[in-house]
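Numbering (numbering that gives the first Met the number 0), first residue to last: 0 to 259. Read the structure below first, then the notes.
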Amino acid sequence: MTKADGRTRLNIMTFEIKRRPLLRALGLVAALAGGGAEAQDPYARERAALLQEIAAMARDTGAETGRPVFNARVMAAMAKVPRHRFVSALYGPLAYANHPLPIGHGQTISQPYIVALMTELLDPKAGDAVLEIGTGSGYQAAVLAELVASVYSIEIIEPVGKNAAALLQQLGYTNIHTRIGDGYNGWPERAPFDAIMVTAAAAKVPPALAAQLKPGGRMVIPVGGPGEVQILQVMVKQADGSISTQRSLPVRFVPLTRSR
Ligand code: SAH
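Below you can see the structure in the form of structure tokens.
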């Protein structure tokens with residue numbers, strides 16, 4: 000989903016060879032912890048391999064993102080959330096490949112590296128209340144829910160949002176609050192937020208979202224209109240209410256649509 004996409008396959012092959020001892024160590028820890036973790040979680044190995052690929056991509060893109068090494072808490076959340084549950088059974092074997100996948104209704108679950116990067120750039124703190132625009136599969140919301148106190152996530156396509164809400168409940172996430180609606184206007188009843196993540200591309204930053212950010216709060220949002228290159232932006236609201244903006248990587252997201 001980013002220009003780094005082309006390297007994915009090569010990365011998998013190289014770190015498989017280099018990282019064997021680590022994978023074995025992870026397996027041992029899992030075996031000591033619960034016994035037969037592989038049997039309980041058939042994707043444990045693939046998920047561990049994906050984490051190594053994310054770490055390698057973080058290093059490769061570090062000069063552009065300013066984050067060559069992702070926070071251990073962010074990586075632990077990526078290691079914990081079962082991505083295969085957020086895609087249709089048809090895509091199960093691809094769930095831990097570092098690619099976006101279709102989730103129906105013309106929407107996609109983002110590339111895992113991009114989920115990790117956006118989470119990293121948001122600097123999530125344990126006590127934070129975070130607003131997400133674009134629930135989609137619910138995967139990003141689950142990753143955030145591992146890291147912060149509460150997640151508020153809005154989805155504009157009703158069946159997509161309902162599906163995600165049911166899955167998140169099934170997985171036991173009690174700190175994720177979902178809503179069907181147009182996220183362009185944010186969630187004023189629950190504002191202000193410590194952080195806001197937008198997972199659909201906007202031509203311009205929706206003013207309501209900037210307004211619903213606490214002073215010191217951060218927003219991560221892909222910005223770019225139809226046919227334009229989208230740039231992942233990190234915005235920080237200063238104590239005086241002004242907003243500073245940093246540009247990160249070029250990305251490709253589905254558009255932020257508007258209800259009429
Ligand atoms: N975060 C998701 C991926 C998002 S794909 C995941 O982890 O799977 C982008 C999603 O944003 C789509 O589901 C799309 O329907 C939704 N979306 C687009 N415009 C929106 C809007 N104005 N308000 C809320 N959701 C929106």
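Quick reminder that beta carbons are idealized off the backbone N, C-alpha and C, glycines included.
May I have the straight-line CA-CA distance separating residue i from residue j, to the nearest angstrom?
i: Met196; j: Thr177; result: 14 Å
i: Ser149; j: Arg189; result: 11 Å
i: Ala209; j: Met218; result: 8 Å
i: Ser243; j: Gln39; result: 46 Å
i: Pro41; j: Gln139; result: 21 Å
i: Phe252; j: Tyr90; result: 20 Å
i: Arg82; j: Tyr95; result: 7 Å
i: Pro254; j: Pro206; result: 17 Å
i: Ala238; j: Pro221; result: 24 Å
i: Ile175; j: Leu130; result: 10 Å
i: Leu170; j: Asn162; result: 12 Å
i: Gln229; j: Val250; result: 6 Å
i: Thr256; j: Thr60; result: 29 Å
i: Leu231; j: Ala201; result: 10 Å
i: Met74; j: Leu50; result: 7 Å
i: Pro67; j: Ala57; result: 5 Å
i: Leu31; j: Ala88; result: Any answer about Leu31 is weak, because its pLDDT of 48 lies below 50 and its placement is not dependable; what the coordinates show is given next. Leu31 and Ala88: Cα-Cα distance of roughly 30 Å.
i: Leu166; j: Tyr151; result: 15 Å
i: Gly224; j: Met77; result: 30 Å
Take residue i and list the residues in its own chain whose beta-carbon comes closer than 7 Å to its own, dropping the five residues that flank it on each side.
i: Tyr172; result: Ala141 and Ala144
i: Asp127; result: Val147, Ala148, Asp193 and Ala194
i: Leu212; result: Pro191, Phe192, Ile195, Met218 and Lys236
i: Asn70; result: Glu119
i: Arg72; result: Leu146
Within 7 Å: the Cβ of residue i and any heavy atom of the ligand SAH?
i: Glu145; result: no
i: Ile156; result: yes
i: Asp193; result: no
i: Leu255; result: yes
i: Ile220; result: no
i: Ile113; result: no
i: Ile153; result: yes
i: Val86; result: no
i: Tyr90; result: no
i: Gln168; result: no
i: Asp181; result: yes
i: Thr107; result: yes
i: Leu95; result: Checking the displayed sequence, the identity of residue 95 turns out to be Tyr instead of Leu. Not under cutoff, so the answer is no.
i: Thr260; result: This structure cannot speak to residue 260, because the chain is shown only from 0 to 259.
i: Tyr42; result: no
i: Gly135; result: yes
i: Thr198; result: yes
i: Tyr138; result: yes
i: Ile53; result: no
Which whole-angstrom value describes the C-beta separation of residue i and residue j, a residue pair presumed to lie in contact below a C-beta threshold of 8 Å?
i: Tyr112; j: Ile53; result: 5 Å
i: Val204; j: Leu120; result: 15 Å between Cβ atoms; not a contact.
i: Thr198; j: Ile153; result: With 8 Å as the limit, Thr198 and Ile153 do not qualify as a contact, their Cβ atoms being about 10 Å apart.
i: Glu63; j: Ser247; result: 7 Å
i: Val159; j: Gln106; result: 6 Å
What first and last residue would you give for the alpha helix (DSSP H) that runs through residue i?
i: Gln110; result: From DSSP, Gln110 is part of no alpha helix (DSSP H); its letter is neither H nor E.
i: Gln168; result: Glu157 to Gln169
i: Gly61; result: Ala43 to Thr64
i: Ala140; result: Tyr138 to Ala144
Output needed for residue i: all residues of its chain with C-beta closer than 8 Å, excluding positions within five of it in sequence on either side, in chain order.
i: Leu86; result: The question names Leu, but residue 86 in the sequence shown is Val. These residues qualify, in order along the chain: Leu93, Ala94, Leu100, Ile102, Ile108 and Ser136.
i: Gly240; result: Pro214
i: Arg23; result: Caution is warranted here: a pLDDT of 48 is assigned to Arg23, below 50, making its placement in the model unreliable, and the coordinate value is therefore given only provisionally. Counting only Cβ-Cβ distances below 8 Å, and skipping sequence neighbours, we find nothing.
i: Lys79; result: Glu145
i: Ala125; result: Leu146, Val147 and Ala148
i: Glu227; result: Ala202
i: Arg84; result: Leu166 and Leu170
i: Pro187; result: Ala207 and Gln211
Going by beta carbon distance, what residues of the same chain come within less than 6 Å of residue i, once the five residues before and after it are set aside?
i: Gln245; result: Val233
i: Arg259; result: none
i: Gly180; result: Ile153
i: Pro123; result: Leu146 and Val147
The beta strand (DSSP E) that contains residue i, what's its start and end?
i: Arg72; result: Careful: Arg72 lies outside any beta strand (DSSP E), inside the alpha helix (DSSP H) at Ala71 to Lys79.
i: Pro221; result: Leu212 to Val222
i: Arg82; result: Taken as a continuous stretch (DSSP letters only), Arg82 belongs to no beta strand (DSSP E), as it is neither H nor E.
i: Tyr151; result: Ser149 to Glu154
i: Phe192; result: Phe192 to Val197
i: Thr177; result: Ile175 to Ile179
i: Val228; result: First-last for Val228: undefined, no H or E at that position.
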